[in-house]
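Written below as structure tokens is the structure these notes are about.
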Amino acid sequence: MQSKTSREKSSKGSVVVFNSHDRLQLRFRFGGKRRYISLGLSDTPLNRRFAELKAAEIEQDIFKEKFDTTLEKYKSASDRDRIALDSSLKAAKTNLDELWKKYSEFKKPQVSPSTYAKDFQRYRNHIAALPTRSLDEASVIRDWLLGQKTIGTAKRCLTQFKACCKWSIKEGLIEANPFELMTISLPKGIDEESDVNPFSKQERDLIIKTFASDRYYSYYTPYVQFLFFTGCRPSEAIALQWKNITKSAIKFRQAIVMSESGLICKEGLKTQKKRDFPINAEVKEILQKIRPNSAKSDSFIFTSRQGKFLDHHNFSNRAWKSILKKCGIPYRKSYQTRHTFITMCVEAHYNSTAIGRWTGTSGKMIDKHYGATNFANIEPPSLL
30 MQSKTSREKS
40 SKGSVVVFNS
50 HDRLQLRFRF
60 GGKRRYISLG
70 LSDTPLNRRF
80 AELKAAEIEQ
90 DIFKEKFDTT
100 LEKYKSASDR
110 DRIALDSSLK
120 AAKTNLDELW
130 KKYSEFKKPQ
140 VSPSTYAKDF
150 QRYRNHIAAL
160 PTRSLDEASV
170 IRDWLLGQKT
180 IGTAKRCLTQ
190 FKACCKWSIK
200 EGLIEANPFE
210 LMTISLPKGI
220 DEESDVNPFS
230 KQERDLIIKT
240 FASDRYYSYY
250 TPYVQFLFFT
260 GCRPSEAIAL
270 QWKNITKSAI
280 KFRQAIVMSE
290 SGLICKEGLK
300 TQKKRDFPIN
310 AEVKEILQKI
320 RPNSAKSDSF
330 IFTSRQGKFL
340 DHHNFSNRAW
350 KSILKKCGIP
360 YRKSYQTRHT
370 FITMCVEAHY
380 NSTAIGRWTG
390 TSGKMIDKHY
400 GATNFANIEP
410 PSLL
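Sequential numbering of the sequence shown, starting at 30, is according to this note's numbering.
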């Protein structure tokens with residue numbers, strides 16, 4: 030039995046399933062003649078599997094010399110055949126892990142290498158930890174997520190499972206989406222975008238000073254300074270090369286991201302293709318101090334001690350955590366360096382549109398997430 034989409038010649042004794050004007054047909058040779066059987070079924074994955082079972086039945090009858098030359102036995106899908114097929118499909122029902130694998134392969138060319146390597150693997154790990162992967166037990170999956178994961182993680186997992194099953198329906202892999210009507214509500218303010226908890230100027234300066242004097246992590250001092258004084262994303266900072274630095278601006282053009290094969294440099298930024306940041310006195314001094322006399326234009330500015338891509342994840346887990354503990358400052362993610370820069374610019378009354386252009390976000394986002402961080406220090410104007 031073969032399954033084809035084009036009119037290829039079938040070998041003797043074999044039955045070919047093929048599509049003719051979106052209807053499934055069987056083609057084979059018997060008694061020196063070519064035979065055709067129209068099943069009256071549209072070409073869907075489910076119907077094609079039925080056609081393949083019917084083709085296998087014909088091949089078996091030919092082999093056992095029980096072939097029905099009238100073809101009546103093979104023309105229609107009887108209730109008995111349908112019930113038998115339904116039973117066989119239920120016995121081999123596709124589970125969530127199998128669907129996720131197919132969905133991941135479909136999405137792979139459509140997403141960045143870092144998204145595929147980190148996000149899709151993360152959800153694959155979540156699925157592997159589930160007590161069941163059966164779509165018939167979707168409510169068990171949801172309840173387990175709520176009981177074992179943070180509410181934010183549970184919501185993200187459920188959203189991804191919905192998307193996976195929605196795609197699977199379109200592909201004919203399943204008939205219904207068991208997660209479709211399930212919802213998880215997040216408490217107000219829990220989303221990552223609103224996680225703005227900047228350092229004070231004193232905390233910022235103490236962190237930089239502690240890095241500079243630390244026996245193990247002083248190497249990272251310029252990198253930390255640069256993050257605090259530009260508000261750029263870490264992935265943008267570690268992708269900078271000396272050719273991106275001019276007398277008046279830093280030209281952000283690329284980012285270091287995680288892929289299946291490790292850290293790679295990709296063109297473009299998170300929310301835009303490129304961005305220029307005007308160099309001020311503080312940033313100019315940071316760069317001048319670390320620029321080698323024989324610096325090559327394509328050399329990366331911030332690297333690991335071994336001269337490779339700086340792994341910010343590793344930096345955060347080791348150097349950053351260690352220094353904040355040494356400073357006695359409550360732990361906050363290193364991404365707060367960006368929030369700190371933006372917040373200080375807002376407090377200095379810089380235009381939100383200008384800040385957004387410097388940092389690669391919108392003025393609207395600046396006003397929404399940073400404009401309310403310093404209300405305690407704002408006094409109403411005198412109206413006399």
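Just so it is clear, CB atoms sit at the ideal spot from N, CA and C, and this is done for glycine as well.
Item                                                                                                                                                                               : Value
Can the beta-carbon of residue 295 be found closer than 8 Å to that of residue 284?                                                                                                : yes
Measure the beta-carbon distance from residue 351 to residue 252 and round it to whole angstroms, keeping in mind my assumption that it falls under 8 Å.                           : So it is not a contact: roughly 15 Å between Cβ atoms.
Out of 180, 319, 371 and 382, point me to the one whose CA is closest to residue 230's CA.                                                                                         : 371
Look at the alpha carbon of residue 218 and the alpha carbon of residue 76, and state the distance between them as a whole number of angstroms.                                    : Only weak support exists for where residue 218 lies, its pLDDT of 48 falling under 50; the coordinates are left without a value.
Please state if the CB of residue 344 and the CB of residue 248 are separated by a distance shorter than 8 Å.                                                                      : no
At what residues does the alpha helix (DSSP H) containing residue 154 begin and finish?                                                                                            : 150-158
On the DSSP letters alone, give me the boundaries of the alpha helix (DSSP H) that residue 307 sits inside.                                                                        : From DSSP, residue 307 is part of no alpha helix (DSSP H) but of the beta strand (DSSP E) over 304-307.
Return yes when the Cβ of residue 152 is within less than 8 Å of the Cβ of residue 186, no when it is not.                                                                         : yes
Alpha carbon to alpha carbon, how far is residue 52 from residue 72? Give it in angstroms, no decimals.                                                                            : 6 Å
Out of 321, 103 and 304, which one is the CA nearest neighbour of residue 383?                                                                                                     : 304
Assign residue 201 to one of three DSSP states: helix, strand, or coil.                                                                                                            : coil
Helix, strand or coil for residue 373, going by three-state DSSP, please let me know.                                                                                              : helix
If contacts are defined as beta-carbon pairs under 8 Å, then residue 331 and residue 266 qualify, I think. What distance do you get, rounded to the angstrom?                      : 6 Å
Go ahead and pull the three-state DSSP assignment for residue 294.                                                                                                                 : strand
Please report the Cβ distance between residue 287 and residue 143, rounded to the nearest whole angstrom; I am assuming they are in contact, meaning their Cβ atoms lie under 8 Å. : 5 Å
So for residue 330, helix, strand or coil by DSSP?                                                                                                                                 : coil
Just to confirm my understanding: we take residue 128, look at its own chain, exclude 5 residues before and 5 after, and list those with CB closer than 6 Å. What are they?        : 193 and 197
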